[in-house]
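Undergrad:
Numbering (my numbering), first residue to last: 31 to 93.
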């Protein structure tokens with residue numbers, strides 16, 4: 031499913047189309063993230079205490 035179709039507050043696993051903004055922390059396939067919201071092209075997610083940004087159209091699954 032596309033990230034933009036996930037409800038805010040979901041815990042997700044990244045399954046494909048991994049793109050992040052320049053200079054942002056890298057995200058790997060299989061990473062588990064807490065998805066908070068989408069703000070334009072990128073999302074606001076947390077991986078533990080780290081904030082990460084994944085493109086809104088990334089392939090993910092809800093866990």
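C-beta atoms are modelled at their ideal positions from N, C-alpha and C, and glycine is treated no differently.
For clarity, every value in this text was computed on a predicted model and none was experimentally measured.
With a cut-off of 8 angstroms on the beta carbons, I'd call residue 63 and residue 85 a contact; round off their distance for me.
TA: At roughly 13 angstroms, the Cβ-Cβ gap does not stay under 8 angstroms, so residue 63 and residue 85 are not in contact.
Undergrad: Can you list, in chain order, the residues of its chain with a C-beta nearer than 7 angstroms to that of residue 90? Leave out the 5 residues immediately preceding and following it.
TA: Correct list, in chain order: 31, 33, 36, 42, 43, 44, 45.
Undergrad: I'd like the list of long-range same chain contacts for residue 80, defined as Cβ closer than 7 angstroms, with 5 residues on each side in sequence excluded.
TA: Same-chain partners within the cutoff: 55.
Undergrad: Can you tell me where the beta strand (DSSP E) with residue 42 in it begins and where it stops?
TA: Run containing residue 42: 41-46, per the beta strand (DSSP E) assignment.
Undergrad: According to DSSP, is residue 58 helix, strand or coil?
TA: Here residue 58 sits in coil by DSSP.
Undergrad: Could you work out which residue in 69, 47, 57 is closest to residue 78 when comparing CA atoms only?
TA: Checking every option, the nearest Cα to that of residue 78 belongs to 57.
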